[in-house]
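First comes the structure, then the notes that go with it.
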Amino acid sequence: MPLDIKICGLSTPETVAAALDGGASHIGFIFFPKSPRNVTPELAGKLRQAADGRAKAVAVTVDASDEFLREIVETMRPDMLQLHGKETPERVAKVKIMFGLPVIKALSISTADDLAAIASYRGVADKMLLDAKAPKGSELPGGNGVTFDWTLLQRLEPGLDYMLSGGLNAGNVADAIRIARPPGLDISSGVESAPGVKDVTLIANFFAAARSAQE
Numbered sequence: 201m202p203l204d205i206k207i208c209g210l211s212t213p214e215t216v217a218a219a220l221d222g223g224a225s226h227i228g229f230i231f232f233p234k235s236p237r238n239v240t241p242e243l244a245g246k247l248r249q250a251a252d253g254r255a256k257a258v259a260v261t262v263d264a265s266d267e268f269l270r271e272i273v274e275t276m277r278p279d280m281l282q283l284h285g286k287e288t289p290e291r292v293a294k295v296k297i298m299f300g301l302p303v304i305k306a307l308s309i310s311t312a313d314d315l316a317a318i319a320s321y322r323g324v325a326d327k328m329l330l331d332a333k334a335p336k337g338s339e340l341p342g343g344n345g346v347t348f349d350w351t352l353l354q355r356l357e358p359g360l361d362y363m364l365s366g367g368l369n370a371g372n373v374a375d376a377i378r379i380a381r382p383p384g385l386d387i388s389s390g391v392e393s394a395p396g397v398k399d400v401t402l403i404a405n406f407f408a409a410a411r412s413a414q415e
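This is the structure:
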């Protein structure tokens with residue numbers, strides 16, 4: 201079964217096209233003012249149109265209010281929401297009911313103890329995203345270009361629908377797939393030439409490396 205691959209933090213037609221041409225199953229748009237990848241709902245709404253029938257468009261938010269989520273949903277029309285903050289299982293359930301959309305819940309992983317949080321979101325979130333814990337002092341919950349110990353994921357219960365995230369790039373994706381055997385991958389900074397600047401060549405190289413690793 202092919203891996204799900206999400207290219208996250210897109211902001212231009214060229215890089216959206218590169219992600220879709222590479223075979224992305226999901227494309228992500230970030231709504232978080234502190235991020236160099238932040239976009240407006242209006243821009244995301246235009247860019248996501250290219251994904252219709254090809255990939256799921258994901259709106260990525262961090263502890264967003266109901267009002268902001270509503271604006272994003274009505275303007276961008278995402279296929280999924282990603283909650284990348286400190287949202288509780290109760291908050292995830294409320295957002296799903298409120299907007300009628302599948303939800304990806306991101307969790308920060310550094311040690312084996314961090315995996316315990318997964319249990320409370322199982323059956324609530326539609327998919328998990330297991331990301332490296334942000335370095336001390338970082339204002340960004342994701343997209344920091346750091347990895348975590350992938351061998352930790354060998355302890356996960358079989359059947360967990362999740363994406364591995366954090367510090368992935370064309371040079372290490374083969375190791376990530378071999379060690380963790382994840383059902384999905386999520387990449388942002390690893391296909392950038394500068395913070396927030398996606399590179400079409402790096403996107404193509406990542407897909408080529410991921411495909412080669414799977415074969």
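The sequence shown begins at 201 in the numbering used here and counts up by one.
Idealized CB from N, CA, C, for every residue including glycine.
This structure is a prediction, so every number in the text was calculated from the model and none was measured.
{"Check": "Determine the direct distance from the alpha carbon of V292 to that of E267, and round the result to whole angstroms.", "Outcome": "15 Å"}
{"Check": "Which stretch, first to last residue, makes up the alpha helix (DSSP H) that contains D266?", "Outcome": "D266 to M276"}
{"Check": "Taking 8 Å as the threshold, find out whether the stretch 313-331 comes into contact with the stretch 369-377 through three or more Cβ pairs.", "Outcome": "no"}
{"Check": "Enumerate in chain order the residues of its own chain whose CB-to-CB distance from Y321 is below 7 Å, with the five nearest sequence positions on each side excluded.", "Outcome": "P289, V292, K305 and M328"}
{"Check": "For K206 versus D386, is the C-beta distance shorter than 8 Å?", "Outcome": "yes"}
{"Check": "By DSSP, does D221 sit in helix, in strand, or in coil?", "Outcome": "helix"}
{"Check": "Write down every uninterrupted run of the alpha helix (DSSP H) in the stretch 252-332 whose length is 4 residues or greater and which is fully enclosed by it, in chain order.", "Outcome": "266-276, 289-299 and 318-321"}
{"Check": "Please say whether A251 and L283 have beta carbons closer to each other than 8 Å?", "Outcome": "no"}
{"Check": "Over what stretch of residues does the beta strand (DSSP E) that includes S393 continue unbroken?", "Outcome": "E392 to A394"}
{"Check": "Using a Cβ-Cβ cutoff of less than 8 Å, which residues in the same chain neighbour A255 once the five nearest sequence positions on both sides are dropped?", "Outcome": "A219, L220, A224, S225, H226 and I227"}
{"Check": "What is the DSSP secondary structure of N369, counted as helix, strand or coil?", "Outcome": "coil"}
{"Check": "Suppose you measure from the CA of V262 to the CA of K286; what does that come to, to the nearest Å?", "Outcome": "8 Å"}
{"Check": "Can you tell me which of the three DSSP states D204 falls into?", "Outcome": "strand"}
{"Check": "Looking only at C-alpha atoms, which of A217, G222, G209 and T215 sits nearest to P241?", "Outcome": "G209"}
{"Check": "Secondary structure at F406, three-state DSSP: helix, strand or coil?", "Outcome": "helix"}
{"Check": "Just the C-alpha distance for V324 and N238, rounded to the nearest angstrom, thanks.", "Outcome": "27 Å"}
{"Check": "Under a three-way DSSP split, which group does V216 fall into?", "Outcome": "helix"}
{"Check": "When the Cα atoms are used, what is the spatial distance from P383 to E271?", "Outcome": "31 Å"}
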